[in-house]
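Asker: So in UniProt numbering, the last spot in the sequence shown is 686, and the numbers never skip. Note that beta-carbon positions come from the ideal geometry of N, C-alpha and C, so glycine has one too. Values in this document were obtained by computation on a predicted structure and should not be read as measured data. Submitted below is the structure of interest, expressed as structure tokens.
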Amino acid sequence: MPWVLLAVWLVVLVLASPLAGKLADVQQNRAVDYLPASADSTQVAKIQDRLPGGESTDLVVVYHRDGGLTDGDRRTAAGQIDEIAAAHELTARPRAIPSRDGATLMYPVSTTAPGQDTEARNALVDDVRETVQGTDGMTAEVGGPGGLQADSSEVFKSLDGPLLYTTVAVVAVLLILIYRSPLLWLVPLLTAGAANFIAMAAAYGLHEWFGTTITGANNGVMTILVFGAGTDYALLLVSRYREELRRVERPHDAMRAALRGCGPAILASSGTVAAGLLCLLAADLNSSRGMGPLGTVGVLSALLAMMTLLPALLVLLGRRAFWPLVPAFGSEPKQRRSMFSAMAGSAGRRPVTTLVAGAVVLGAVALGALNLQGSLKNENSFTNTPESIAATQTLAAAYPERSSQPIEVIVPAGRADQALEEINDTDGVASAETRRTGAGWAEIAVIATAPPESPGETATIHALRSGTVTELGGYVGGPSAQLIDLKDTNASDRNVIVPLVLGSVLLILIVLLRSLVAPLLLVGAVVAVWGASLGIGGLVFEPVLGFQGNDPALPLLSFVFLVALGVDYSIFLMHRMREESLSGLAPEAAALKALRTTGGVIASAGLVLAATFSVLTNMPLVSLVELGFVIAVGVLLDTFLVRTYLVTSASVALGRRMWWPGALSKEPPAQETQPVPPVQEPAALR
């Protein structure tokens, strides 16, 4: 049977190879790809695709010299712009716009030549950047929406390799430390790699068959989940398998017993995580909705590999996989007092005090969430400063009286002249001009008086949407409008997804644990962990790391992951607690024994999961750093404070009430003593 499973997996990996290799080609990383179809900025992008030349690529070439540009600087700039105009089909000859102090010169450059081809657009930006060169003392930078998109594409392209390699390295080091074996660590790592390959193929299938949005961030999180959750399942299975090898002689029989023992808990926990992630399908935001099925595919691929391929490999390797710490048949593990035995003792002595103290600590830390900054601006979205961001900063300082980034307006072609006149009369508009017309629509580029993504520009966008443009049947889009739509959609998604996740997870726990009190306690605990994790983020992101804002999706995505993964660990602990209670132990004793016996493996699993998510903190995007930090901190809080102290203390304090109204909540009937029959003397003695 192990050889059969191994052969099946080899066939599946070969068949999946062509699909997995195509996943990077279908990533969609434009801001508009994240938005729902109903958003104004999405409608603008779709209509622009139908205009002559398709979607335009808008750049801003910026020349700057401290103290003022010289005549030679201006001639150099004009010559380079002429080269760009000669090499590329531009929508209009770029016109120089000098700053008031004469230190900066701005050239807006727009072309529709690349259309929707992302690679062609990025190649155009690279070509422009090769042409635009500074001289002694004069800087030259290429920014604008097209430059920002090219820099973002480069960042997302660089995520796949480093993210995977770093995740594998982190998991490998932790497994070596946990198992202290030169061979054993490699088995779950290879199994997780196979699971990730299957997940990539399945993700590509979801995109092709159901149109699931694949972004660089979603793909990265899926990889993290495969290795993190998969390694957790492997730790639980290997721990139980080691235990069974001491009781059972044949490895095949020991693995069968191990799967019977921990299989239900692993299946239940992975099912709960999948159910929580699938709630994201109700999101209106494309990127969040895509995260649901991709995360689910990752978790289920890890589950499939760890419940089939891993057992087959372990059985084929036999006991020698554990060398040098081989669990011999009939041997007893070394008895030593663990940290979790001490934790169980302290929780058992003063359960109420421990529970109240822990709750106070979590509540106090959660107050740090009040220090979280507002929504992240484009210029603050990278951990370093790419050229497009440097250009934006130069423009903001040189042109405080006007925006360097157009607001893109689309109106019916027959109303273009009326719209242009009324837009120019709108408060906050510096200028507006009609660009392309086609397919029944007209495109108008609007320059605001306020800098990009500022409160003033936001007010101008709202004024256009609530007045002239909407009344004429048009739409308002562009980079700044996209950020507004992202923020608004995330807020509405939270109102839908949060109660949906809580309700589905609570329902699953009620069915699994046959109780109302225990599920409510566990859900309350993971929500507290989420609040505390965001609070720690608020104390670190701006004061320590210097981040000037937060991704609008951070609260929702961190909530879904921390609730789903936190309940995942709860199931491991509560399954053992219930098992011990059914064996006859009092609920208080069962809670303490469950912590002593499962605390070590749950701690190892928590460390691995936290470490895999912390890999995101090394990525060049602030949104990924924040998400990875909050989830890693939350997993550690859940593992070493909530799961060990608070849940155990609450279980001891509540006793049988923890399992109300299930059968375990009732006192067992007192055993009736049977009358002892009189002793009869043997007949031979009478």
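For the alpha helix (DSSP H) containing L609, list its first residue and its last residue.
Answerer: Taking the first residue of the sequence shown as position 1, residue 609 is located at position 609. 587-614 is the extent of the alpha helix (DSSP H) around L609.
Asker: Leaving out five residues on either side along the sequence, give the residues of the same chain with a beta carbon under 8 Å from the beta carbon of V60.
Answerer: Here residue 60 corresponds to residue number 60 of the sequence shown, with the count starting at 1. Excluding positions up to five away in sequence, the list reads M106, Y107, P108, V109, V142, G143, G144, G147, A391, L395, S404, Q405.
Asker: Taking 9 Å as the cut-off, decide whether the C-beta atoms of L372 and N495 are in contact.
Answerer: To locate residue 372, count along the sequence shown from 1; it is residue 372. To locate residue 495, count along the sequence shown from 1; it is residue 495. It is not a contact, given that the beta carbons lie outside the stated cut-off.
Asker: Indicate the three-state DSSP secondary structure (helix, strand or coil) for V326 in the structure shown.
Answerer: Position 326 of the sequence shown holds residue 326. DSSP places V326 in coil when its eight states are reduced to three.
Asker: Apply the 10 Å Cβ neighbour rule to R121 and answer buried if 16 or more other Cβ atoms are within range, or exposed otherwise.
Answerer: Along the sequence shown, read from residue 1 onward, the residue named residue 121 stands at position 121. Classification for R121: buried.
Asker: Could you check which residue in D568, I97, A632 has the C-alpha nearest to that of S269?
Answerer: As a first step, residue 269 is located in the sequence shown; it is residue number 269 there, counting from the start. Ranking the options by Cα distance to S269, first place goes to D568.
Asker: Could you check how far apart the C-beta atoms of T489 and L285 are, in whole angstroms? I think they sit under 8 Å.
Answerer: Along the sequence shown, one-based indexing puts residue 489 at 489. Along the sequence shown, one-based indexing puts residue 285 at 285. At roughly 5 Å, the Cβ-Cβ gap stays under 8 Å, so T489 and L285 are in contact.
Asker: Taking its Cβ as the centre, do 16 or more other Cβ atoms sit within 10 Å of R686, making it buried, or is it exposed?
Answerer: Numbered from 1 along the sequence shown, position 686 holds the residue referred to as residue 686. Only weak support is given to the placement of R686: the predicted model assigns it a pLDDT of 36, under 50, and the value that follows is read from those uncertain coordinates. With fewer than 16 other Cβ atoms within 10 Å, it is exposed.
Asker: Skipping 5 residues on each side, what residues in its chain have a beta carbon closer than 7 Å to that of I631?
Answerer: The residue given as residue 631 occupies position 631 in the sequence shown. Contacts found: S558, F561, L562, F613.
Asker: In the DSSP assignment, the alpha helix (DSSP H) including H207 goes from what residue to what residue?
Answerer: Numbered from its first residue, the sequence shown carries residue 207 at position 207. 186-210 is the extent of the alpha helix (DSSP H) around H207.
Asker: By the 10 Å Cβ neighbour count, where 16 or more other Cβ atoms means buried, how is V14 classified, buried or exposed?
Answerer: Translated into positions along the sequence shown, residue 14 becomes position 14. Per the 10 Å Cβ criterion, exposed.
Asker: Would you list, in sequence order, the uninterrupted alpha helix (DSSP H) runs of no fewer than 4 residues that lie entirely inside the region 447-504?
Answerer: 455-466, 468-471
Asker: Classify W441 as helix, strand or coil using the three-state DSSP reduction.
Answerer: The residue you call residue 441 lines up with position 441 of the sequence shown. W441: strand per DSSP, three-state reduction.
Asker: Rounding to the nearest angstrom, what Cα-Cα distance links H207 and S287 in this structure?
Answerer: Taking the sequence shown and counting its residues from 1, the one referred to as residue 207 is at position 207. Taking the sequence shown and counting its residues from 1, the one referred to as residue 287 is at position 287. Near 13 Å, if we compare the C-alpha coordinates of S287 and H207.
Asker: Looking at the structure shown, is V544 part of a helix, part of a strand, or coil, going by DSSP?
Answerer: Taking the sequence shown and counting its residues from 1, one reaches residue 544 at position 544. V544: coil per DSSP, three-state reduction.
Asker: Just how far apart, CA to CA, sit Q671 and W530?
Answerer: By 1-based counting over the sequence shown, the position of residue 671 is 671. By 1-based counting over the sequence shown, the position of residue 530 is 530. Only weak support is given to the placement of Q671: the predicted model assigns it a pLDDT of 48, under 50, and the value that follows is read from those uncertain coordinates. Each residue's Cα considered, the two are about 46 Å apart.
Asker: Determine the burial state of E667: buried for a count of at least 16 other Cβ atoms within 10 Å of its Cβ, exposed for fewer.
Answerer: If you number the sequence shown from 1, residue 667 lands on position 667. By the 10 Å Cβ count, E667 comes out exposed.
Asker: Should L507 be labelled buried (16 or more other beta-carbon atoms within 10 Å of its own) or exposed?
Answerer: Indexing the sequence shown from 1 puts residue 507 at position 507. L507 should be labelled exposed.
Asker: Check D551 in the structure and name its three-state DSSP category.
Answerer: Taking the first residue of the sequence shown as 1, we reach residue 551 at position 551. Three-state result, D551: coil.
Asker: Identify which residue in V62, I536, S492 has its Cα closest to the Cα of P94.
Answerer: Walking along the sequence shown from the start, residue 94 turns up at place 94. Closest by alpha carbon: V62.
Asker: Determine, using beta carbons only, whether A532 and V273 come nearer to each other than 9 Å.
Answerer: Reading the sequence shown from its first residue, position 532 is the one you call residue 532. Reading the sequence shown from its first residue, position 273 is the one you call residue 273. No; because the gap between Cβ atoms is not below 9 Å, this pair is not in contact.
Asker: On a CA-only basis, which of V446, A463, V527, L124 is nearest I407? Give me that one, please.
Answerer: The residue given as residue 407 occupies position 407 in the sequence shown. Closest by C-alpha distance to I407, out of V446, A463, V527, L124, is V446.
Asker: Go through the region 208-253 residue by residue and report every complete run of the alpha helix (DSSP H) that reaches 4 residues or more, in order.
Answerer: 216-247
Asker: Could you please give the first and the last residue of the uninterrupted beta strand (DSSP E) stretch that includes M619?
Answerer: For this step, residue 619 is matched to residue 619 along the sequence shown. Element bounds for M619: n/a, residue is neither H nor E.
Asker: Give the C-beta separation of S480 and E457 to the nearest angstrom, bearing in mind that I take them to be a contact with Cβ-Cβ under 8 Å.
Answerer: As a working mapping, residue 480 is identified with position 480 in the sequence shown. As a working mapping, residue 457 is identified with position 457 in the sequence shown. Cβ-Cβ separation between S480 and E457: approximately 6 Å, consistent with a contact (criterion under 8 Å).
Asker: I need the straight-line Cα distance from V11 to L177, nearest angstrom please.
Answerer: What you label residue 11 is simply residue 11 of the sequence shown in a count that begins at 1. What you label residue 177 is simply residue 177 of the sequence shown in a count that begins at 1. If you take the alpha carbons of V11 and L177, they lie about 33 Å apart.
Asker: Pull up the CB-CB distance for P587 and S651, whole angstroms please, since I reckon it's below 8 Å.
Answerer: Taking the first residue of the sequence shown as 1, we reach residue 587 at position 587. Taking the first residue of the sequence shown as 1, we reach residue 651 at position 651. About 7 Å separates the two Cβ atoms, so the contact holds.
Asker: Using the Cβ count rule (16 or more neighbours within 10 Å means buried), how would you classify M138?
Answerer: Along the sequence shown, read from residue 1 onward, the residue named residue 138 stands at position 138. By the neighbour-count rule (16 or more Cβ atoms within 10 Å), M138 is buried.
Asker: So, does the region 256-266 touch the region 211-230, judging by three or more C-beta pairs under 8 Å?
Answerer: no
Asker: Taking Cβ to Cβ, would you say L309 is nearer than 9 Å to A203?
Answerer: The residue you call residue 309 lines up with position 309 of the sequence shown. The residue you call residue 203 lines up with position 203 of the sequence shown. It is not a contact, given that the beta carbons lie outside the stated cut-off.
Asker: Can you tell which of L300, L316, T434 has the C-alpha that lies nearest to the C-alpha of A252?
Answerer: If you number the sequence shown from 1, residue 252 lands on position 252. Sequence check: residue 252 is His here, not Ala. Selected option, being the one with the closest Cα: L316.
Asker: State the beta-bridge partners of I97 as determined by DSSP.
Answerer: For the purposes of this step, residue 97 is taken as the residue at position 97 of the sequence shown. DSSP output for I97 lists M106 as bridge partner(s).
Asker: Verify whether the separation of the beta carbon atoms of L607 and L174 is less than 9 Å.
Answerer: Taking the sequence shown and counting its residues from 1, one reaches residue 607 at position 607. Taking the sequence shown and counting its residues from 1, one reaches residue 174 at position 174. Yes; because the gap between Cβ atoms is below 9 Å, this pair is in contact.
Asker: Pick out whichever of L616, L595, A528 has its Cα sitting closest to the Cα of G358.
Answerer: Taking the first residue of the sequence shown as 1, we reach residue 358 at position 358. Comparing Cα-Cα distances from G358 to each of L616, L595, A528, the minimum goes to A528.
Asker: The alpha helix (DSSP H) spanning G363 covers which residue range?
Answerer: Taking the sequence shown and counting its residues from 1, the one referred to as residue 363 is at position 363. Start and end: 351-366.
Asker: Taking all protein chains shown into account, do 16 or more other C-beta atoms lie within 10 angstroms of the C-beta of Q80, making it buried, or fewer, making it exposed?
Answerer: Taking the first residue of the sequence shown as position 1, residue 80 is located at position 80. Label assigned to Q80: buried.
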